[in-house]
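**Q**
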């Protein structure tokens, strides 16, 4: 089974900053492809950890993800206007 999670990616000075709204986590990559790969790897680790503790979160809708990204932007962590929402497919075990 696959779950599709939204992620927000913005170009920073030298890197591509990734915000994963459903986990309220960040990672980064050196280019867009690397950022997508890093996001997927980071999410797989987070899912493995959260399954042990509290269960994996349900993927947000795009509308909910935008709200979570805007919330992070209000806190000054990211610039909503400089990024874009992408989606990452994560394989899930039943």
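In the numbering used here, the protein residues as written are 150 to 243. Where a beta carbon is used, it is the ideal one built from N, C-alpha and C, also for glycine. Given the structure is predicted, the values throughout are model-derived calculations rather than measurements.
(1) Alpha carbon to alpha carbon, how far is residue 174 from residue 229?
(2) Could you please give the first and the last residue of the uninterrupted alpha helix (DSSP H) stretch that includes residue 220?
(3) Rounded to the nearest angstrom, how far is the Cβ of residue 208 from that of residue 172, given a contact under 8 Å?
(4) Buried or exposed: which applies to residue 170, given that a residue is buried once 16 or more other Cβ atoms fall within 10 Å of its Cβ?
(5) CA-CA distance, residue 242 and residue 219?
(6) Suppose you measure from the CA of residue 238 to the CA of residue 179; what does that come to, to the nearest Å?
(7) Quick check on residue 205: buried or exposed, where buried means 16 or more other Cβ atoms within 10 Å of its Cβ?
**A** Per the coordinate set shown:
(1) 16 Å
(2) 211 to 223
(3) At roughly 11 Å, the Cβ-Cβ gap does not stay under 8 Å, so residue 208 and residue 172 are not in contact.
(4) buried
(5) 31 Å
(6) 20 Å
(7) buried
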